[in-house]
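Engineer: Position one of the sequence shown corresponds to residue 1 (full-length UniProt numbering), numbered consecutively onward. Got a structure here, written out as structure tokens. Questions coming.
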Amino acid sequence: MEGGVDYLIDERKKAQFDVEAMKVAWAGSRQAFELSDRIAKLVANDPIFEKFSRPMLGRKELFKNSLRKVAHAWKLIIDLRLSEEEAKLLRHYIDEPAYTDLQWEMFIPAIEGQGTEEQKRKWLPLARKMQVIGSYAQTELGHGSNVQGLETTATFDPQTDEFVIHSPTLTSSKWWPGGTAKVSTHAIVYARLILDGQFHGVHGFIVQLRNLENHTPLPGITVGDIGMKFGNGAYNTMDNGVIRFNHVHIPRNQMLMRVSQVTREGKFVQSDVPRQLLYGTMVYVRQKIVADASKALSRAVCIATRYSAVRRQFGSRNGGPEIQVIDYKTQQSRLFPLLASAYAFRFVGEWLKWLYTDVKQRLEANDFSTLPEAHACTAGLKSLTTSATADGIEECRKLCGGHGYLVSSGIPELFATYVPACTFEGDNVVMMLQVARFLVKTVSELGYKQPVGTTAYMRRVTALMQSNCAVRTAEEWLNPGVVVEAFEARSTRMAVACGQRLAKFENPEEGFAELSADLVEASLAHCQVIVVSKFVEKLQQEIPGKGVKRLLEVLFYVYALFLLHKHQGDFLATGYLTPKQASLANDQLRILYSKVRPNAIALVDSFNHTDHLLSSILGRYDGNVYPKLYEAAFNDPFNDSDIADGIHQYVQPMLRQELHSAKL
Ligand SMILES: CCCCCCCCCC/C=C\CCCCCCC/C=C/C(=O)SCCNC(=O)CCNC(=O)[C@H](O)C(C)(C)COP(=O)(O)OP(=O)(O)OC[C@H]1O[C@@H](n2cnc3c(N)ncnc32)[C@H](O)[C@@H]1OP(=O)(O)O
Ligand SMILES: Cc1cc2nc3c(=O)[nH]c(=O)nc-3n(C[C@H](O)[C@H](O)[C@H](O)COP(=O)(O)OP(=O)(O)OC[C@H]3O[C@@H](n4cnc5c(N)ncnc54)[C@H](O)[C@@H]3O)c2cc1C
1 MEGGVDYLID ERKKAQFDVE AMKVAWAGSR QAFELSDRIA KLVANDPIFE KFSRPMLGRK
61 ELFKNSLRKV AHAWKLIIDL RLSEEEAKLL RHYIDEPAYT DLQWEMFIPA IEGQGTEEQK
121 RKWLPLARKM QVIGSYAQTE LGHGSNVQGL ETTATFDPQT DEFVIHSPTL TSSKWWPGGT
181 AKVSTHAIVY ARLILDGQFH GVHGFIVQLR NLENHTPLPG ITVGDIGMKF GNGAYNTMDN
241 GVIRFNHVHI PRNQMLMRVS QVTREGKFVQ SDVPRQLLYG TMVYVRQKIV ADASKALSRA
301 VCIATRYSAV RRQFGSRNGG PEIQVIDYKT QQSRLFPLLA SAYAFRFVGE WLKWLYTDVK
361 QRLEANDFST LPEAHACTAG LKSLTTSATA DGIEECRKLC GGHGYLVSSG IPELFATYVP
421 ACTFEGDNVV MMLQVARFLV KTVSELGYKQ PVGTTAYMRR VTALMQSNCA VRTAEEWLNP
481 GVVVEAFEAR STRMAVACGQ RLAKFENPEE GFAELSADLV EASLAHCQVI VVSKFVEKLQ
541 QEIPGKGVKR LLEVLFYVYA LFLLHKHQGD FLATGYLTPK QASLANDQLR ILYSKVRPNA
601 IALVDSFNHT DHLLSSILGR YDGNVYPKLY EAAFNDPFND SDIADGIHQY VQPMLRQELH
661 SAKL
């Protein structure tokens, strides 16, 4: 058997649910599905968006090609009158990090969230028409996580009514801002505000970087690219920049002044808006990153699942077919939890989008009450989903054996492009520590304040601390209430235990630092409660289509019981479960894997990923893997000639024992 075409045809016949209806459930609605499907096909059928050759290109060629794709996309957006939602889908399917990500997802949102009405009126139309191109310059060579530690200064000059933006040290050089090295004309620069020699916190300033006519850097600005990043292709389509400012003057009205203002006289005015709103853009992007995690993980899982059905190893009797590797229980126990995680992240991402929209409306009406919860949820879920997705993509590579290491599997580039999500928009550990602060506060207030939102379950603190799990059979684990309660009890107990240990420290900050590893674990436990509960809430909704809800229920149990198995140390140490109950959960997990097995291919087909998006020979929809791998090998430019450059010069002299006289 040369290809896996027949295998995937057979696999698709095994599905026990309506795949078309599952596609709608994954997309969120029929309208969302149709929109997404239309844009996916638009991109897949346009040769300019070809990306299979990307990892072979040198940096300059790669970058120029990326500029061409953006220009073509922008032309399509105008010609086809695409809405902002459609344009963002177009970006998703083009699948290439570019300066426009920063323009649309950071520069514009920063002005929307932190600008005054006047600033919005001036800058937003220019940015939305791409008449100015902006980036987000916060991180410096010396500081990224610690925003309050930034060194760039913005000193008000009352003589000229201007701010003077300056990089006083090498470590204050802006370092990383995407789109800045070669493209952006403007940036939101975060800098320490200095008025009359006094420091007034870090604020955002709109700084013009380049001449709009000839694109040269403005006087006082030194700008360049920070160098090649991890992996070929991958994030190297982005021009991450370094910028030094040498006393660059900008008008006073280019400080983003919704949160605080500087008057003509140089007086600092703090409005009622909390200073945390300065971090609002990061809350927005973290929410987007959570939504993106399910897309990335589902791609890797789709490739690994299809290939696992095509690939056969061992077990041949009398020349008959070998076993499909997807039938190995070990393969299932590594792959199916990732499949279930993709669905879990999809649904929690949908919920987080709702939460963010709600917070945004409140902020616009100057209601800041839900901001701490939104910050904790976006920070925690960003950390949980990106860490699991990055690990999951790497696991999918291993699930594909040696062929997974080939660039043509599509996995190496996906991994290299994805992993920085664990670091950017907040290092994942730093983000979990933010959740920890929120949890510690919630726990310390339990005696007199009812927790709300995602911590509302802690209202039942007494019951969750005292009662234990009642499961007696593997079957009894198939109860959403039982599963959610187990996660809530473990999380509450871990958070309360941290609170009790913290109380023993005289200095709370010292205690927090000392216990930070435990606090991160407690935060993860809390974030898992959110993901598990949001999956259950999804299942409580009407989900049309034959067998769709049943399969989603199976995936819910796979996700939750897999986590329970993985973290059984916590569940046992907190005393909520007995070893016997943990073992019953694992027994149930094996039964669940056998329920997923016949549906596995249909479940990944339901993501509706095009071959263009997957860009993977192993994950091809038709399963025609081996002939295409063979063809691709001989199409590689390295195989253009049987005799590679350098063979005559460096290998043949060795073969002839003439190396000492050869010119090297
Ligand atoms: C062709 C045309 C196509 C057009 C369409 C294009 C569409 C594109 C689609 C693209 C797809 C995907 C989008 C993704 C794009 C992503 C690109 C990403 C590139 C990367 C960018 C970056 O990385 S930007 C830099 C990010 N930096 C960070 O995240 C820094 C992390 N550090 C911090 O956030 C803070 O310093 C930290 C939270 C760690 C601590 O802050 P600090 O003030 O020092 O500390 P505290 O004193 O601890 O905090 C004070 C209190 O404030 C609370 N708090 C902190 N942060 C927030 C917040 N964000 N919101 C609300 N509250 C916050 C904190 O909890 C404290 O509260 P308390 O009650 O006092 O304890
Ligand atoms: C691909 C990419 C694109 C980026 N794009 C942009 C951009 O457009 N604009 C921009 O401004 N920035 C950008 N960044 C920068 C990014 O936001 C920072 O790298 C990120 O916030 C992490 O900060 P750091 O690099 O200072 O890490 P560090 O804080 O130096 O982290 C190093 C280690 O220290 C640990 N650590 C740090 N603080 C603590 C703590 N308090 N407690 C415990 N452990 C801690 C971390 O967990 C980590 O293990 C980008 C980064 C990347 C990789």
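No residue lacks a Cβ here, since even glycine has one placed at the ideal position from N, Cα and C.
Is T423 near ligand 2, judged by its Cβ being under 6 Å from some heavy atom?
Structural biologist: Start at 1 with the first residue of the sequence shown, and residue 423 comes out as number 423. At least one heavy atom of ligand 2 is nearer than 6 Å to the Cβ of T423, so yes.
Engineer: Any heavy atom of ligand 2 closer than 6 Å to the beta-carbon of G144?
Structural biologist: Sequence index remark: in the sequence shown, residue 144 carries index 144 (1-based). G144 Cβ: within cutoff of ligand 2.
Engineer: Among residues of its own chain, excluding the 5 on either side of E395, which ones have a beta-carbon nearer than 7 Å to its beta-carbon?
Structural biologist: Indexing the sequence shown from 1 puts residue 395 at position 395. Taken in chain order, the residues that qualify are R334 and L338.
Engineer: V147 and T155 look like a contact to me (Cβ under 8 Å); what is the Cβ gap, rounded to whole Å?
Structural biologist: Sequence index remark: in the sequence shown, residue 147 carries index 147 (1-based). Sequence index remark: in the sequence shown, residue 155 carries index 155 (1-based). Not quite, the Cβ-Cβ distance comes to about 19 Å (not below 8 Å), so this is no contact.
Engineer: Evaluate Y392 with the Cβ neighbour count: other Cβ atoms within 10 Å of its Cβ, from every protein chain shown; 16 or more gives buried, anything less gives exposed.
Structural biologist: The residue labelled residue 392 in the question sits at position 392 within the sequence shown. One detail in the question is off: residue 392 reads as Gly in this sequence, not Tyr. Looking at its Cβ environment, which holds 16 or more other Cβ atoms inside 10 Å, G392 is buried.
Engineer: Between which two residues does the beta strand (DSSP E) containing P125 stretch?
Structural biologist: The residue you call residue 125 lines up with position 125 of the sequence shown. Per DSSP, P125 belongs to no beta strand (DSSP E); it is in the alpha helix (DSSP H), E117 to R128.
Engineer: Determine which residues share a DSSP beta bridge with Q208 and list them.
Structural biologist: Taking the sequence shown and counting its residues from 1, the one referred to as residue 208 is at position 208. DSSP lists H186 as partners of Q208.
Engineer: Relative to the alpha-carbon of A585, which residue among P217, N236, T473 and C422 has its alpha-carbon at the smallest distance?
Structural biologist: Translated into the one-based positions of the sequence shown, residue 585 becomes position 585. It is T473.
Engineer: At a cut-off of 6 Å, is Y136 close to ligand 2 when judged by its beta-carbon and the heavy atoms of the ligand?
Structural biologist: Within the sequence shown, numbered from 1, the residue matching residue 136 stands at position 136. Yes; taking the cut-off as 6 Å, the Cβ of Y136 has a heavy atom of ligand 2 nearer than that.
Engineer: Under 6 Å: does the beta carbon of V536 sit that close to some heavy atom of ligand 1?
Structural biologist: Locating residue 536 in the sequence shown gives position 536, counting from the first residue. Not so, every heavy atom of ligand 1 lies at least 6 Å from the Cβ.
Engineer: Which value, in whole angstroms, describes the spacing of the CA atoms of N253 and W74?
Structural biologist: For this step, residue 253 is matched to residue 253 along the sequence shown. For this step, residue 74 is matched to residue 74 along the sequence shown. N253 and W74: Cα-Cα distance of roughly 30 Å.
Engineer: Suppose you measure from the CA of A309 to the CA of S606; what does that come to, to the nearest Å?
Structural biologist: Here residue 309 refers to the residue found at position 309 when the sequence shown is read from its first residue. Here residue 606 refers to the residue found at position 606 when the sequence shown is read from its first residue. Looking at the two C-alpha atoms, the distance is approximately 16 Å.
Engineer: Does the separation of the CB atoms of I111 and L124 fall below 7 Å?
Structural biologist: Counted from its first residue, the sequence shown places residue 111 at position 111. Counted from its first residue, the sequence shown places residue 124 at position 124. Contact flag set, yes.
Engineer: Here's the rule: buried if 16 or more other CB atoms are within 10 angstroms of the residue's CB, otherwise exposed. What is S523?
Structural biologist: In the sequence shown, residue 523 corresponds to position 523, counting from 1. S523 is buried by the Cβ-count criterion.
Engineer: For G349, is the classification buried or exposed, using 16 other Cβ atoms within 10 angstroms of its Cβ as the cut-off for buried?
Structural biologist: Here residue 349 refers to the residue found at position 349 when the sequence shown is read from its first residue. Buried: at least 16 other Cβ atoms inside 10 Å.
Engineer: Would you tell me roughly how many angstroms separate the C-alpha atoms of W26 and G224, rounded to the nearest one?
Structural biologist: Mapped onto the sequence shown, residue 26 falls at position 26. Mapped onto the sequence shown, residue 224 falls at position 224. In a straight line, the C-alpha of W26 is about 41 Å away from that of G224.
Engineer: Answer yes or no: the CB of T160 versus the heavy atoms of ligand 2, is any distance below 6 Å?
Structural biologist: Counted from its first residue, the sequence shown places residue 160 at position 160. Flag unset: Cβ of T160 not near ligand 2.
Engineer: Out of G231, R210, F205 and M228, point me to the one whose CA is closest to V259's CA.
Structural biologist: For the purposes of this step, residue 259 is taken as residue 259 along the sequence shown, with counting starting at 1. It is F205 whose Cα lies nearest to the Cα of V259.
Engineer: Among all the DSSP beta bridges, which residues are the ones paired with F268?
Structural biologist: One-based indexing of the sequence shown puts residue 268 at position 268. Bridge partners of F268: V262.
Engineer: Would DSSP call S135 helix, strand or coil?
Structural biologist: Against the sequence shown, residue 135 aligns to sequence position 135. In the structure shown, S135 sits in a strand (DSSP, three-state: E or B).
Engineer: Any idea what DSSP makes of K174, helix, strand or coil?
Structural biologist: Here residue 174 corresponds to residue number 174 of the sequence shown, with the count starting at 1. The answer is strand: DSSP assigns K174 an E or B state.
Engineer: Contact between the region 58-69 and the region 6-25: three or more CB pairs below 8 Å?
Structural biologist: Short answer: they don't touch.
Engineer: Closest to Q649 by C-alpha separation, out of A340, H660 and L563, would be which residue?
Structural biologist: Locating residue 649 in the sequence shown gives position 649, where the first residue counts as 1. Of the candidates A340, H660 and L563, the one whose C-alpha sits nearest the C-alpha of Q649 is H660.
Engineer: How many Å lie between N507 and L564 at the Cα?
Structural biologist: Here residue 507 refers to the residue found at position 507 when the sequence shown is read from its first residue. Here residue 564 refers to the residue found at position 564 when the sequence shown is read from its first residue. Looking at the two C-alpha atoms, the distance is approximately 34 Å.
Engineer: In whole angstroms, what is the alpha-carbon distance linking E105 and F268?
Structural biologist: Walking along the sequence shown from the start, residue 105 turns up at place 105. Walking along the sequence shown from the start, residue 268 turns up at place 268. Straight-line Cα distance between these residues: approximately 29 Å.
Engineer: By a C-beta neighbour count over all protein chains shown, 10 Å radius and 16 as the cutoff for buried, is H215 buried or exposed?
Structural biologist: The residue you call residue 215 lines up with position 215 of the sequence shown. Exposed.
Engineer: Return helix, strand or coil for M22, following the three-state DSSP convention.
Structural biologist: Walking along the sequence shown from the start, residue 22 turns up at place 22. Residue state, collapsed to three classes: helix.
Engineer: With a threshold of 6 Å on Cβ separation, who are the neighbours of R277 within its own chain once the five nearest residues in sequence on each side are excluded?
Structural biologist: Here the question's residue 277 lines up with position 277 in the sequence shown. For the sequence presented, residue 277 should be read as Leu rather than Arg. So the list reads V259, once near-sequence residues are dropped.
Engineer: Distance check for V520 and L433, CA to CA, integer angstroms please.
Structural biologist: Translated into positions along the sequence shown, residue 433 becomes position 433. Translated into positions along the sequence shown, residue 520 becomes position 520. Rounded to whole angstroms, L433 to V520 spans 6 Å at the Cα level.
Engineer: Looking at A87 and ligand 1, is the gap between the Cβ and the nearest heavy atom below 6 Å?
Structural biologist: Here residue 87 refers to the residue found at position 87 of the sequence shown. Yes; taking the cut-off as 6 Å, the Cβ of A87 has a heavy atom of ligand 1 nearer than that.
Engineer: Enumerate in chain order the residues of its own chain whose CB-to-CB distance from K14 is below 8 Å, with the five nearest sequence positions on each side excluded.
Structural biologist: As a first step, residue 14 is located in the sequence shown; it is residue number 14 there, counting from the start. Answer for K14: P598, N599, I601 and A602, listed in chain order.
Engineer: Would DSSP call T222 helix, strand or coil?
Structural biologist: Within the sequence shown, residue 222 is the residue found at index 222, counting from 1. Of the three classes helix, strand and coil, the one that applies to T222 here is strand, per DSSP.
Engineer: Could you tell me the boundaries of the beta strand (DSSP E) in which F245 lies?
Structural biologist: Within the sequence shown, the letter at position 245 stands for residue 245. G241 to F245 is the extent of the beta strand (DSSP E) around F245.
Engineer: What do you reckon, are the CB atoms on V250 and N240 nearer than 7 Å?
Structural biologist: Translated into positions along the sequence shown, residue 250 becomes position 250. Translated into positions along the sequence shown, residue 240 becomes position 240. A small fix is needed here, since residue 250 is Ile in this sequence, not Val. No, these two residues do not count as a Cβ contact at 7 Å.
Engineer: Excluding the 5 residues flanking L399 on each side, which residues of the same chain have their C-beta closer than 7 Å to its C-beta?
Structural biologist: Translated into positions along the sequence shown, residue 399 becomes position 399. Excluding positions up to five away in sequence, the list reads A304, S308, Q331, R334 and L335.
Engineer: Can you check the region 388-458 for any beta strand (DSSP E) of at least 3 residues that lies completely inside it and give the ranges in chain order?
Structural biologist: If we require 3 residues or more, the region 388-458 turns out to have no beta strand (DSSP E) run fully inside it.
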